[in-house]
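Notes follow once the structure below has been shown.
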Ligand SMILES: N[C@@H](CCC(=O)N[C@@H](CS)C(=O)NCC(=O)O)C(=O)O
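Residue numbers (my numbering): 2 to 218.
Right, here's the structure in full:
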């Protein structure tokens, strides 16, 4: 039986592929693993059945036989360890790629998400205008450092890997992506990731879910 992932029944991003099921779909496509998707509503995510899978009541989750996982990083690392194509064979290179996965999730994504959240929920607060430049500067500081390290390379460490998959996924979030014009090598890097056939298949599949949800509402 194919593994099952969960995704939003009606994604708030309106099909732009910004929810974290997108990165898991992309990884599944990269390794050529067929999968099924169970769509969940916001209400269902907070119900016991889903909480048994994901203690924080979120998507994505991943079920394969007896194994149930949550956290996009853990799911993608699991896929990368069990299939060819997302982790190098050399142990040191493998360790570095895992390092890039953590860097994407722990170092680059948090300031981007913080800026995104502030714009969503703090825009009408008296402190927002004072805080906004600081939030932007924090994102820029990560983009600047990443841009310097990437230089003219195609990918972060040798061939395309789970580290790139995670980093490109994180950089696609609008609160970072809208600044990428100032970091041309990162803009090209993200476009290179998005152009991969596996990314395009994953994107089309999540878009189809959104379009179907629009037709039924
Ligand atoms: N660190 C988690 C974050 C998961 C997460 O924030 N999921 C969002 C969708 S992208 C979600 O389910 N939001 C709804 C909620 O938190 O109620 C991961 O990488 O999987």
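By construction, the Cβ of each residue, glycine as well, lies at the ideal position given by its N, Cα and C atoms.
Closer than 7 angstroms: is that where the CB of residue 60 sits relative to any heavy atom of ligand 1? In the chain shown, the residue the question calls residue 60 occupies position 59. Flag set: Cβ of residue 60 near ligand 1.
task: Determine contact between the region 18-34 and the region 56-66, defined as no fewer than three beta-carbon pairs at a distance below 8 angstroms.
output: yes
Sequence-distant residues of its chain with Cβ nearer than 6 angstroms to residue 129 (five each side left out): As a position in the chain shown, residue 129 is number 128, starting the count at 1. Taken in chain order, the residues that qualify are 123.
- Message: Could you check whether residue 16 and residue 211 sit closer than 8 angstroms to each other, using their CB atoms as the reference points?
- Response: Walking along the chain shown from the start, residue 211 turns up at place 210. Walking along the chain shown from the start, residue 16 turns up at place 15. Cβ distance < 8 angstroms, so residue 211 and residue 16 count as in contact.
Among the residues of its own chain, which have a CB less than 6 angstroms from the CB of residue 92, if the five just before and after it don't count? For this step, residue 92 is matched to residue 91 along the chain shown. Taken in chain order, the list of residues that qualify is empty.
**Asked** Going straight from the alpha carbon of residue 40 to that of residue 75, what length do you get?
**Response** As a working note, residue 40 is residue 39 in the chain shown. As a working note, residue 75 is residue 74 in the chain shown. Their backbone Cα atoms lie some 20 angstroms apart in a straight line.
So for residue 202, helix, strand or coil by DSSP?
Taking the first residue of the chain shown as position 1, residue 202 is located at position 201. In this structure, residue 202 counts as helix in the three-state DSSP scheme.
Selection from 107, 33, 110 that minimises the alpha carbon distance to residue 83: To locate residue 83, count along the chain shown from 1; it is residue 82. Comparing Cα positions, the closest option is 33.
Checklist line | Which of helix, strand or coil DSSP assigns to residue 124 | finding: Taking the chain shown and counting its residues from 1, one reaches residue 124 at position 123. Residue state, collapsed to three classes: coil.
Measure the Cβ-Cβ separation of residue 152 and residue 94 and say whether it is below 8 angstroms. What you label residue 152 is simply residue 151 of the chain shown in a count that begins at 1. What you label residue 94 is simply residue 93 of the chain shown in a count that begins at 1. Not in contact: residue 152 and residue 94 (Cβ atoms no closer than 8 angstroms).
Q) Under three-state DSSP, which class holds residue 174? A) The residue labelled residue 174 in the question sits at position 173 within the chain shown. The answer is coil: DSSP assigns residue 174 none of H, G, I, E or B.
Using only CA atoms, which one of 35, 195, 50, 56 lies nearest to residue 19? The residue you call residue 19 lines up with position 18 of the chain shown. The option with the nearest alpha carbon to residue 19 is 195.
For residue 203, verify whether its CB is less than 7 angstroms away from any heavy atom of ligand 1. Taking the chain shown and counting its residues from 1, the one referred to as residue 203 is at position 202. No - ligand 1 has no heavy atom lying nearer than 7 angstroms to the Cβ of residue 203.
Short of 7 angstroms in beta carbon distance, which residues of its chain neighbour residue 35, apart from the five on each side in sequence? Order them along the chain.
Along the chain shown, one-based indexing puts residue 35 at 34. Contacts found: 3.
Mind checking who residue 65 pairs with in its DSSP beta bridge?
-> Residue 65 sits at position 64 when you count from the first residue of the chain shown. BP columns for residue 65 point to 68.
Between the C-alpha atoms of residue 109 and residue 190, what's the straight-line distance to the nearest angstrom?
-> Your numbering for residue 109 matches position 108 in the chain shown. Your numbering for residue 190 matches position 189 in the chain shown. Their backbone Cα atoms lie some 15 angstroms apart in a straight line.
_Restricting to Cα atoms, I'd like to know which of 102, 177, 167, 105 is closest to residue 137._
Against the chain shown, residue 137 aligns to sequence position 136. Taking only the C-alpha atoms, the option nearest residue 137 is 177.
Checklist entry - Does the pairing of the region 164-175 with the region 111-119 give three or more beta-carbon distances under 8 angstroms? => result yes
I need the boundaries of the alpha helix (DSSP H) containing residue 180, first residue and last residue. By one-based count along the chain shown, residue 180 stands at place 179. Residue 180 -> no alpha helix (DSSP H), and no H or E assigned at all.
request  = Check whether the Cβ of residue 21 sits closer than 7 angstroms to any heavy atom of ligand 1, and report yes or no.
outcome  = Within the chain shown, the letter at position 20 stands for residue 21. At least one heavy atom of ligand 1 is nearer than 7 angstroms to the Cβ of residue 21, so yes.
Closest residue to residue 118 among 175, 106, 205 (Cα-Cα distance) = Reading the chain shown from its first residue, position 117 is the one you call residue 118. Nearest of 175, 106, 205 to residue 118, Cα basis: 175.
Inter-residue Cα distance where the pair is residue 42 and residue 104: Within the chain shown, numbered from 1, the residue matching residue 42 stands at position 41. Within the chain shown, numbered from 1, the residue matching residue 104 stands at position 103. Approximately 30 angstroms between the Cα atoms of the pair.
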